[in-house]
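So the structure is just underneath, and the comments pick up after that.
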Amino acid sequence: MKTQDSFETNNRADLNARELLAECARNLDDATVWEEFYLRYRRKILTFLWRAFRMSGGRPHDFLQLGDDWVQEVFAKLVKNNGRAIRSFRGLTDVSVNAFLASIAVSTVADHGRSQRAGRRRTQLVSFADVPEASLPHGRPDSTVSALIDLIDVEKALKGDEESKNPERDLLIFRLHFVEGLTAREISSIPSFKLTISGLEKVLNRMKNRLLRRTQQ
Amino acid sequence: MGVLALSHYNNESLGDYLGGVLSLKDEADCERHLARCDSCRQQLSFLIRVMDDDLAPDEAAVIDCVEAFGPRRFPAFDEPMKVSEKLQSWFSPRWRLGGIAAGLMVCVSLALALWLSVGSSPPRLASIERTFEARIADQPYSEFIRTRNQSRVEEDRSGKSELTRLHASNADIGRFYLMSNNFAQAISYLETAKKEQSASPQVRNDLGVAYMESGKEGSLQRAMAEFEEALRVNPKYAPALFNVALVYERLGQFPEAEQRLRLYLQADQDSGWAKEVKSKLQASGR
């Protein structure tokens, strides 16, 4: 016969990401539910922290010293102010949990960067000047289109695209790819676009061709 | 969210957008803002890259290192204090003072370590328990004692202080895995290091050791090729000379092994490794 403890332990292991976060938010002082959360997400949080740190110019041996402290800091942020952060979580999917934790991890690394730049203006964002070359777009956007971006009014060109159902969104996709250098796979991870990688590539090709046609007119 | 649409989005709001938890109206506002605001779009791109599902091998290595030495349980559970109280107590003035004191001690130690390490390149391995017979580049001598379970992976053995001395190049990470008896990972990193530093006898030697100790089919031949390449670059490179003799031994080619052991003694006569070579020659009765 199952004991109450083993029943609860199994139950916690069965919780999906959203349910587990909700349990943690409801039971800020329940060590067992937080331990489950810790065991499940520690590596993921470490990964987010390391990437944010590396893209901000951090080096591996510094991260070996700081990584664990930052994981604790992420957890502290979740429960601070009577769990305001974790109670504000409204996501329903694994992706939303990842996005939630990634945003806190990025803020944690940014806090560290800010504290190292004492005297600077406080801001919630990492300014572009602070992002070193290593974090700049990995992909190399199409050089032909990149050169055109400076020459034409992309916004105007895309808004006049009769084939597009959502020119506003196309403009964002265009800039994420050709300006920020995100790959089609990375952009397709944005849930609101509801686009597969191949669907996104089609959208990009359509926009690219439209811009090329426009310059030839 | 209407107000946010006019001002910049912070990480948490961008996380909400990426998590798909905004209302349709807020989502549209957010996208309109992101299409035109360079700094918010850059931050969104940053967040997307942080969230990438694919973990690259070099990322995994760093995370493995941190995980190997960090607490495996949630630290707040060690004492009966409430989770939230304990987490928040880390930020109390008392702990801050303690943190500053500890930070100062770490800084002094790091400065001292840095001062001591100037000019000592490549970094040397500290004297550690020798868990396999082959010799890693720059490895100080210690006696090899055979045990029943030589191949177990030992993640925690080498200590955090040893890791922090590494600069986490592919060669260093490969060597870390080699020291942890994780030969598959060691081979992966050292193969990459070989492409970067094809002429380095140290990398060739360590890669050879990784193959040799992995015990997979054909691994001795691959190990031999790496050791021979190291010796082509530096014919008197002692670790490779030592390891070549071991490979011949394991292949059952004892005359060749003996010949290589004698060759080794021409390059090194006094070290602990040399004594081990001499005792091998004595044991074989030659």
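Quick mapping for you: the protein sequence lines, in order, are chains A and B. Taken in order, the first sequence gives residues 0 to 216; the numbers are from numbering that gives the first Met the number 0. Taken in order, the second sequence gives residues 0 to 285; the numbers are from numbering that gives the first Met the number 0. No residue lacks a Cβ here, since even glycine has one placed at the ideal position from N, Cα and C.
Test item: CB-CB of residue i and residue j under 8 Å
{"i": "L63(A)", "j": "V65(B)", "result": "yes"}
{"i": "L245(B)", "j": "L230(B)", "result": "no"}
{"i": "Y210(B)", "j": "R203(B)", "result": "no"}
{"i": "R184(A)", "j": "I196(A)", "result": "yes"}
{"i": "I62(B)", "j": "T92(A)", "result": "no"}
{"i": "G14(B)", "j": "L54(B)", "result": "no"}
{"i": "L189(B)", "j": "G214(B)", "result": "no"}
{"i": "L113(A)", "j": "E162(A)", "result": "The sequence shown places Arg at residue 113(A), rather than the Leu named in the question. No."}
{"i": "K235(B)", "j": "A185(B)", "result": "no"}
{"i": "I84(A)", "j": "I44(A)", "result": "The question names Ile, yet the displayed sequence has Ala at residue 84(A). Contact flag unset, no."}
{"i": "R17(A)", "j": "G90(A)", "result": "yes"}
{"i": "A170(B)", "j": "A192(B)", "result": "yes"}
{"i": "R168(A)", "j": "E30(B)", "result": "yes"}
{"i": "A101(A)", "j": "V49(B)", "result": "yes"}
{"i": "G18(B)", "j": "S87(A)", "result": "no"}
{"i": "G251(B)", "j": "F226(B)", "result": "no"}
{"i": "P56(B)", "j": "I135(B)", "result": "no"}
{"i": "L27(A)", "j": "V78(A)", "result": "yes"}
{"i": "R249(B)", "j": "L219(B)", "result": "yes"}
{"i": "F182(B)", "j": "E212(B)", "result": "yes"}
{"i": "S44(B)", "j": "E179(A)", "result": "yes"}
{"i": "L264(B)", "j": "A273(B)", "result": "yes"}
{"i": "E255(B)", "j": "S283(B)", "result": "no"}
{"i": "A133(B)", "j": "N242(B)", "result": "yes"}
{"i": "L199(A)", "j": "S187(A)", "result": "yes"}
{"i": "D205(B)", "j": "L177(B)", "result": "yes"}
Residues that residue i contacts on chain B, provided the C-beta gap is smaller than 7 Å
{"i": "T195(A)", "result": "Simply none; closest approach about 15 Å."}
{"i": "N208(A)", "result": "The premise fails here: N208(A) is roughly 20 Å from chain B at the closest Cβ pair, so nothing lies under 7 Å."}
{"i": "E18(A)", "result": "Ordered by position in chain B, no residue passes the 7 Å Cβ test against E18(A), which lies about 15 Å from the chain."}
Chain B contact residues for residue i, given Cβ-Cβ distances below 8 Å
{"i": "R50(A)", "result": "R48, V49, D51, E58"}
{"i": "E162(A)", "result": "Per Cβ cutoff of 8 Å: no residues; E162(A) is ~18 Å from chain B at best."}
{"i": "D110(A)", "result": "Chain B residues near D110(A): none, gap ~11 Å exceeds 8 Å."}
{"i": "E200(A)", "result": "Under the 8 Å cutoff, chain B gives no residues; its nearest Cβ is about 17 Å from E200(A)."}
{"i": "R42(A)", "result": "I62, E66"}
Which of helix, strand or coil DSSP assigns to residue i
{"i": "F88(A)", "result": "coil"}
{"i": "F143(B)", "result": "strand"}
{"i": "E195(B)", "result": "helix"}
{"i": "L54(B)", "result": "coil"}
{"i": "D269(B)", "result": "coil"}
{"i": "F99(A)", "result": "helix"}
{"i": "G207(B)", "result": "helix"}
{"i": "I62(B)", "result": "helix"}
{"i": "F177(A)", "result": "helix"}
{"i": "G217(B)", "result": "coil"}
{"i": "A16(A)", "result": "helix"}
{"i": "T107(A)", "result": "helix"}
{"i": "K235(B)", "result": "coil"}
{"i": "D93(A)", "result": "helix"}
{"i": "H32(B)", "result": "helix"}
{"i": "Q41(B)", "result": "helix"}
{"i": "D137(B)", "result": "coil"}
{"i": "A133(A)", "result": "Because A133(A) sits at a pLDDT of 43, beneath the cut-off of 50, its placement in the model cannot be relied upon, and the following sentence gives the value as read from the coordinates. In the structure shown, A133(A) sits in a helix (DSSP, three-state: H, G or I)."}
{"i": "N181(B)", "result": "coil"}
{"i": "K155(A)", "result": "helix"}
Nearest-angstrom beta carbon gap, residue j and residue i [assumed within contact, 8 Å]
{"i": "R40(B)", "j": "L175(A)", "result": "7 Å"}
{"i": "P166(A)", "j": "K158(A)", "result": "5 Å"}
{"i": "W69(A)", "j": "T107(A)", "result": "5 Å"}
{"i": "E35(A)", "j": "A21(A)", "result": "Rounded, the Cβ-Cβ distance is 13 Å, inconsistent with contact."}
{"i": "L194(A)", "j": "V202(A)", "result": "7 Å"}
Chain A contact residues for residue i, given Cβ-Cβ distances below 7 Å
{"i": "R31(B)", "result": "E167"}
{"i": "L54(B)", "result": "T46"}
{"i": "A34(B)", "result": "E167, L170, L171, R174"}
{"i": "G14(B)", "result": "A98, F99, A101, S102"}
{"i": "V61(B)", "result": "W49, P59, F62"}
Closer than 9 Å at the beta carbon, the chain A residues around residue i
{"i": "G19(B)", "result": "G90, L91, T92, V94, S95, A98, I189, P190, S191"}
{"i": "E11(B)", "result": "A84, S87, F99, S102, I103, S106, Q123"}
{"i": "E26(B)", "result": "S191"}
Amino acids of chain A, ordered along the chain, whose beta-carbon sits closer than 8 Å to that of residue i
{"i": "R40(B)", "result": "L171, R174, L175, V178, E179"}
{"i": "E228(B)", "result": "Neighbours of E228(B) on chain A: none; closest Cβ ~28 Å, over 8 Å."}
{"i": "E195(B)", "result": "Per Cβ cutoff of 8 Å: no residues; E195(B) is ~16 Å from chain A at best."}
Per-residue contacts from residue i into chain B (C-beta, under 9 Å)
{"i": "E22(A)", "result": "Those do not exist, as E22(A) stays about 13 Å from chain B at its closest Cβ, beyond 9 Å."}
Where are the alpha helix (DSSP H) runs, 4 residues long or more, that stay fully inside the segment 20–75 of chain A, in chain order? Listed in chain order, they are 30–54.
Alpha helix (DSSP H) segments (min. 4 residues) lying fully within the segment 185–215 of chain A: Counting only runs of 4 or more residues that sit fully inside the segment 185–215 of chain A, the alpha helix (DSSP H) segments are 196–215, in chain order.
Of all the alpha helix (DSSP H) runs that stay within the bounds of the segment 2–28 of chain B, which reach a length of 4 or more residues? 10–17
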